[in-house]
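>
Residue numbers (the working numbering): 237 to 338.
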C-alpha cells in the first residue's frame with residue numbers, strides 16, 4: 237500500500253486565504269477517485285523553512301491523505317501540477333510512502 241500526503245496551504249503567497257470550497261473540491265476529487273480520504277484541517281500544521289540565511293518562511297497548511305495499492309506516478313505528477321496552479325504556489329508538496337497494514 238502507498239500513503240499519499242498532500243500539503244495544501246491555507247493562504248496564497250500574497251496572504252489571501254483560500255475558500256472552503258477550494259478545499260472541498262480537492263477532498264471530493266480524491267474521495268471519488270480513491271474511495272476515501274483523511275483530512276487534517278481542525279488545527280493547521282505550520283511549516284517553516286529557510287528561504288535564505290536571513291529569511292525564514294512560514295506556511296499554515298492542511299494535510300490530505302489517501303491510501304492506494306498502486307502508485308500512479310504520472311497521474312499524481314499531473315494532479316500536483318494542477319494543485320500547484322490552483323493554489324498559486326511555486327512548489328506544492330505531494331509525497332508518497334510505502335506502508336504496511338497490520
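Virtual Cβ for every residue (Gly too), placed ideally from N, Cα, C.
In this text the structure is predicted, and so the values were computed from the model without any measurement.
Can you tell me which of the three DSSP states residue 314 falls into?
On the chain shown, residue 314 is found 78 positions in, with the first residue counted as 1. Helix.
> At the level of alpha carbons, what is the spacing between residue 245 and residue 321?
Here residue 245 is taken as the residue at index 9 of the chain shown, counted from 1. Here residue 321 is taken as the residue at index 85 of the chain shown, counted from 1. Using only the alpha carbons, I get a separation of about 12 Å.
> Can you check which of these residues, 272, 242, 296, is closest to residue 253 by C-alpha distance?
By one-based count along the chain shown, residue 253 stands at place 17. Closest option to residue 253, Cα to Cα, is 296.
> Under DSSP, the beta strand (DSSP E) around residue 256 begins and ends at which residues?
In the chain shown, residue 256 corresponds to position 20, counting from 1. In this chain, residue 256 is not harboured by any beta strand (DSSP E); it is covered by the alpha helix (DSSP H) spanning 256–270.
> Taking all protein chains shown into account, do 16 or more other C-beta atoms lie within 10 angstroms of the C-beta of residue 335, making it buried, or fewer, making it exposed?
Mapped onto the chain shown, residue 335 falls at position 99. Answer is exposed; the Cβ neighbour count stays below 16.
> Which same chain residues end up closer than 8 Å to residue 306 when comparing Cβ atoms and leaving out the 5 residues on each side of it in sequence?
Numbered from 1 along the chain shown, position 70 holds the residue referred to as residue 306. So the qualifying residues of the chain are 238.
> Is the distance from the Cβ of residue 302 to the Cβ of residue 270 below 7 Å?
Here residue 302 refers to the residue found at position 66 of the chain shown. Here residue 270 refers to the residue found at position 34 of the chain shown. Contact: yes.
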